[in-house]
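Going by the working numbering, the residue at position 16 of the sequence shown is 21; the numbering climbs one at a time, nothing skipped.
We put the beta carbon where it would ideally sit given N, CA and C, even for glycine.
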Amino acid sequence: MTIYEEFARKYYHEARKDLERSLRALNEGDYPEVVFHAQQCVEKLVKALIESKREYVYNHGPKLTSVFIRVFESEWRDEFEEVVDILGWFSEYYTRSRYPFMLRGRVVSPSEYIDRELAEEAIKKAKRVLRIAEGYLREKRII
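Okay, here's the thing in C-alpha coordinates:
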(Lines of atoms letter the chains of each structure in order from A and count residues from 1; the text may use other names and numbers.)
(Lines give C-alpha, C1' and ligand atoms only; values in the text may rest on other atoms or scores of the structure.)
Protein backbone atom coordinates (compact mmCIF):
# COMPACT_ATOMS: atom_id res chain seq x y z
CA MET A 1 0.00 0.00 0.00
CA THR A 2 1.37 3.41 -0.97
CA ILE A 3 1.49 6.31 1.46
CA TYR A 4 -1.29 7.97 -0.56
CA GLU A 5 -3.50 4.91 -0.20
CA GLU A 6 -2.75 4.85 3.51
CA PHE A 7 -3.78 8.51 3.77
CA ALA A 8 -6.93 7.74 1.78
CA ARG A 9 -7.82 4.88 4.12
CA LYS A 10 -7.19 6.98 7.24
CA TYR A 11 -9.23 9.90 5.87
CA TYR A 12 -12.05 7.47 5.12
CA HIS A 13 -12.05 6.05 8.66
CA GLU A 14 -11.92 9.52 10.22
CA ALA A 15 -14.83 10.57 8.00
CA ARG A 16 -16.90 7.66 9.32
CA LYS A 17 -16.17 8.82 12.88
CA ASP A 18 -17.37 12.31 11.96
CA LEU A 19 -20.60 10.84 10.60
CA GLU A 20 -21.08 8.95 13.90
CA ARG A 21 -20.49 12.22 15.81
CA SER A 22 -23.06 13.89 13.59
CA LEU A 23 -25.64 11.19 14.32
CA ARG A 24 -24.98 11.44 18.08
CA ALA A 25 -25.42 15.21 17.93
CA LEU A 26 -28.75 14.71 16.12
CA ASN A 27 -29.97 12.45 18.92
CA GLU A 28 -28.92 15.13 21.43
CA GLY A 29 -30.68 17.89 19.48
CA ASP A 30 -27.44 19.79 18.85
CA TYR A 31 -28.22 20.67 15.24
CA PRO A 32 -25.29 23.02 14.53
CA GLU A 33 -22.94 20.24 15.68
CA VAL A 34 -24.71 17.82 13.33
CA VAL A 35 -23.98 20.07 10.37
CA PHE A 36 -20.39 20.72 11.41
CA HIS A 37 -19.53 17.02 11.73
CA ALA A 38 -21.41 16.12 8.55
CA GLN A 39 -19.37 18.77 6.72
CA GLN A 40 -16.16 17.39 8.21
CA CYS A 41 -17.20 13.91 7.08
CA VAL A 42 -17.71 15.10 3.50
CA GLU A 43 -14.45 17.02 3.44
CA LYS A 44 -12.47 14.01 4.68
CA LEU A 45 -14.15 11.70 2.17
CA VAL A 46 -13.22 14.06 -0.66
CA LYS A 47 -9.66 14.15 0.67
CA ALA A 48 -9.66 10.34 0.73
CA LEU A 49 -10.72 10.28 -2.91
CA ILE A 50 -8.05 12.80 -3.88
CA GLU A 51 -5.32 10.96 -1.96
CA SER A 52 -6.35 7.74 -3.73
CA LYS A 53 -5.25 9.47 -6.94
CA ARG A 54 -1.77 10.05 -5.50
CA GLU A 55 -2.31 13.72 -4.85
CA TYR A 56 -1.41 15.17 -1.47
CA VAL A 57 -4.20 17.29 -0.03
CA TYR A 58 -3.84 20.17 2.38
CA ASN A 59 -6.63 22.42 1.13
CA HIS A 60 -10.21 22.77 2.29
CA GLY A 61 -13.23 24.79 1.23
CA PRO A 62 -13.51 26.03 -2.37
CA LYS A 63 -9.89 25.08 -3.15
CA LEU A 64 -10.67 21.49 -2.21
CA THR A 65 -13.45 21.46 -4.80
CA SER A 66 -11.11 22.67 -7.56
CA VAL A 67 -8.46 20.12 -6.60
CA PHE A 68 -11.11 17.37 -6.68
CA ILE A 69 -12.32 18.43 -10.14
CA ARG A 70 -8.78 18.66 -11.52
CA VAL A 71 -7.64 15.31 -10.11
CA PHE A 72 -10.68 13.39 -11.38
CA GLU A 73 -11.05 15.20 -14.71
CA SER A 74 -9.76 12.27 -16.77
CA GLU A 75 -12.15 9.75 -15.19
CA TRP A 76 -15.13 11.93 -14.34
CA ARG A 77 -18.29 10.13 -13.26
CA ASP A 78 -21.80 11.54 -13.03
CA GLU A 79 -21.84 10.90 -9.29
CA PHE A 80 -18.86 13.24 -8.87
CA GLU A 81 -21.21 16.08 -9.87
CA GLU A 82 -23.17 15.26 -6.73
CA VAL A 83 -20.00 15.45 -4.65
CA VAL A 84 -19.21 18.90 -6.07
CA ASP A 85 -22.80 20.07 -5.42
CA ILE A 86 -22.69 18.77 -1.86
CA LEU A 87 -19.35 20.48 -1.20
CA GLY A 88 -20.96 23.71 -2.40
CA TRP A 89 -23.98 23.18 -0.16
CA PHE A 90 -21.80 22.69 2.90
CA SER A 91 -19.68 25.77 2.16
CA GLU A 92 -22.61 27.95 3.28
CA TYR A 93 -22.93 26.18 6.61
CA TYR A 94 -19.31 25.58 7.59
CA THR A 95 -18.94 28.80 9.57
CA ARG A 96 -22.66 29.26 10.24
CA SER A 97 -22.68 25.99 12.16
CA ARG A 98 -19.88 27.24 14.43
CA TYR A 99 -20.01 31.01 14.89
CA PRO A 100 -22.56 33.82 15.30
CA PHE A 101 -23.12 35.81 12.10
CA MET A 102 -25.13 38.69 10.66
CA LEU A 103 -28.42 37.90 8.95
CA ARG A 104 -30.80 40.63 7.76
CA GLY A 105 -29.30 43.18 10.12
CA ARG A 106 -29.21 41.07 13.26
CA VAL A 107 -26.71 38.80 14.97
CA VAL A 108 -27.78 35.16 14.79
CA SER A 109 -26.29 32.20 16.64
CA PRO A 110 -25.83 28.81 14.99
CA SER A 111 -28.58 27.27 17.13
CA GLU A 112 -31.03 29.98 16.02
CA TYR A 113 -30.29 29.30 12.36
CA ILE A 114 -29.76 25.56 12.03
CA ASP A 115 -32.82 23.44 12.74
CA ARG A 116 -33.53 19.72 12.72
CA GLU A 117 -34.60 19.72 9.08
CA LEU A 118 -31.33 21.30 7.95
CA ALA A 119 -29.37 18.93 10.21
CA GLU A 120 -31.12 15.90 8.72
CA GLU A 121 -30.36 17.20 5.21
CA ALA A 122 -26.68 17.51 6.16
CA ILE A 123 -26.59 13.88 7.32
CA LYS A 124 -28.35 12.74 4.15
CA LYS A 125 -25.76 14.53 2.02
CA ALA A 126 -22.85 13.15 4.06
CA LYS A 127 -24.23 9.61 3.69
CA ARG A 128 -24.50 10.09 -0.08
CA VAL A 129 -20.86 11.16 -0.37
CA LEU A 130 -19.92 8.23 1.89
CA ARG A 131 -21.60 5.79 -0.53
CA ILE A 132 -19.85 7.37 -3.52
CA ALA A 133 -16.45 7.37 -1.80
CA GLU A 134 -16.88 3.80 -0.54
CA GLY A 135 -17.69 2.59 -4.03
CA TYR A 136 -14.63 4.24 -5.53
CA LEU A 137 -12.24 3.28 -2.71
CA ARG A 138 -13.44 -0.34 -2.77
CA GLU A 139 -13.01 -0.44 -6.53
CA LYS A 140 -9.40 0.70 -6.03
CA ARG A 141 -8.99 -1.83 -3.17
CA ILE A 142 -8.11 0.84 -0.66
CA ILE A 143 -10.83 -0.10 1.82
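Exercise. So, do the region 125-142 and the region 38-51 have three or more beta carbon pairs nearer to each other than 8 Å?
Worked result: yes
Exercise. Span of the beta strand (DSSP E) holding Arg111?
Worked result: Indexing the sequence shown from 1 puts residue 111 at position 106. Segment 111-113, the beta strand (DSSP E) holding Arg111.
Problem set entry | Close-in-space but distant-in-sequence residues of the same chain around Glu38 (CB under 7 Å, 5 per side omitted) | On the sequence shown, residue 38 is found 33 positions in, with the first residue counted as 1. So the list reads Ala30, once near-sequence residues are dropped.
Problem set entry | Neighbourhood of Leu92 by C-beta, 6 Å cutoff - its chain only, sequence neighbours within 5 removed | Position 87 of the sequence shown, counted from the start, is the residue given in the question as residue 92. Excluding sequence neighbours, Leu92 sits near Thr70.
For this session: Mind the definition here: the region 106-114 touches the region 139-148 only if three or more C-beta pairs lie below 8 Å; say whether that holds.
Result: no
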